[in-house]
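Note sheet for the following structure.
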Amino acid sequence: MGARRSISCRACTVTVTWFCLLVRVGSSPLSSVVHTWSGVGLQAVLPCTWGTQVSDRPRSPYIQWETLTHTVFERMGERMFQGESFRNRVDVPLEILDEGNCSLFFRDVQFSDAGIYESYLVVGENQVQRRIFLQSVQLLVFDHKLEQRVEAGKDLVLDLYTAHAHTLVFESVITPGWAELWQKGKARNRDSRLQENEDSLVIRGVQPGDSGTYRVVDSDGLALSTVKITVTVKIYIFIYIPTDPVPTKSTVVQEKQLSVGKGVIIMR
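Read in order, the letters of the sequence shown correspond to residues -27 to -1, 1 to 241 in mature numbering (1 follows the signal peptide of the UniProt record, and there is no 0).
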């Protein structure tokens, strides 16, 4: 509570000897919870509006987003605050906030971001302020599950989704058991067919033996993505077509006449 009070006091234009009082107004009834979801590493939007909550529109709305244990984001005009765990990943754009939209925009969503978030509008002047409850949003975060077919000889591209991707493991359809193919920051063999890009891993020229399950996990061992790969092989069938011309009706008649003629000669 002390940390929250100090954050709110930043908006008070008073001397250091004045006391800044923050009063919480409203609550977060269960019926008002909005559910939203996102894949790990992707973006998410936590909806919120404040325009209908106050009769007098503030010149510079002061919005707060928080969880039960952490301050997530605050904005008042150009000034903003981001919680340590959400640094450079959350924002309420100023241009939409002034229009009554206080939605929280997430980027690079992580499993640890899952939970309930509450938004508040802080109103009042000088040493007395009050918070008006706006919205409660539950964020659900899921991993990625895919199935894919790749033609033999082609490249297999595996998305990492997030900078927190740490290890790639593989289980063959032939041999059970997981084998490590890649680890972030770890040197690989020169003859490795695996290429590391900024946001993906590429396995060059896959073969039927590369069929199986590929799983990208973070440093805690949580699966970010699971991809089942089937390597397909093209089969070419060649049909021999003879080049000799097909006999026509006239050639068949000529052959019969020639045979009869030969028969007459033989009889003599």
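Every residue gets a Cβ at the ideal spot worked out from N, C-alpha and C, and that includes glycine.
Quantities reported herein were computed from a predicted structural model and do not represent experimental measurements.
Proximity below 7 Å, CB of residue i to CB of residue j
| i | j | result |
| --- | --- | --- |
| V146 | E153 | no |
| L129 | W23 | no |
| R104 | R80 | no |
| Q156 | T135 | no |
| R188 | T199 | yes |
| M53 | Y35 | no |
| K201 | E124 | no |
CA nearest to the CA of residue i, picked from the options
| i | options | result |
| --- | --- | --- |
| V82 | G185, F59 and V7 | F59 |
| S28 | N74, V96, A196 and L174 | V96 |
| Q16 | F84, L119 and I105 | F84 |
| L41 | H137, A87 and K207 | A87 |
| E51 | L70, H43, E39 and E57 | L70 |
| G14 | S33, A138, S5 and E124 | A138 |
| E39 | L167, E57, R32 and S33 | E57 |
| G158 | R30, D164 and S192 | S192 |
| S33 | V18, V45 and N74 | N74 |
| S5 | A196, I89 and Q55 | I89 |
| R30 | V18, E72 and D116 | E72 |
| A196 | E68, T44 and K118 | K118 |
| V18 | N162, P66, P215 and A160 | P66 |
| H43 | Q26, E68 and E91 | E91 |
| S11 | E98, L113, Q26 and E68 | L113 |
Which residues DSSP lists as bridging residue i, in chain order
| i | result |
| --- | --- |
| H117 | S198 |
| W151 | W151 is not bridged to any residue. |
| Y187 | F143 and V200 |
| V123 | V204 |
| L112 | T9 and G88 |
| A138 | D191 |
| V175 | V130 and Q168 |
| Q156 | T140 |
Neighbourhood of residue i by C-beta distance below 7 Å, restricted to the same chain and skipping five residues each side
| i | result |
| --- | --- |
| I93 | Checking the sequence, you will find Tyr at residue 93 rather than Ile. Cβ within range, chain order: Q37, R104, I105, F106 and L107. |
| K127 | V179 |
| L133 | D172, S173, L174 and V189 |
| T203 | R122 and S184 |
Own chain residues within Cβ distance below 6 Å of residue i, not counting five before or after
| i | result |
| --- | --- |
| G194 | none |
| E169 | none |
| E144 | W151, G185 and T186 |
| D64 | F78 |
| I176 | L129, R166 and L167 |
8 Å Cβ shell around residue i - same chain, five flanking residues per side excluded
| i | result |
| --- | --- |
| P20 | V7, T9, S76, Q108 and V110 |
| P181 | A125, V204 and V206 |
| residue 245 | The requested residue 245 is not part of the displayed model; the chain covers only -27 to 241. |
| V(-3) | Note that V(-3) has pLDDT 42, beneath the 50 cutoff, so the model's placement of it is unreliable and the number below is only indicative. Taken in chain order, the residues that qualify are R103, R104, I105 and F106. |
In chain order, each alpha helix (DSSP H) run of at least 4 residues that lies wholly inside the stretch 6 to 93 | 67 to 70
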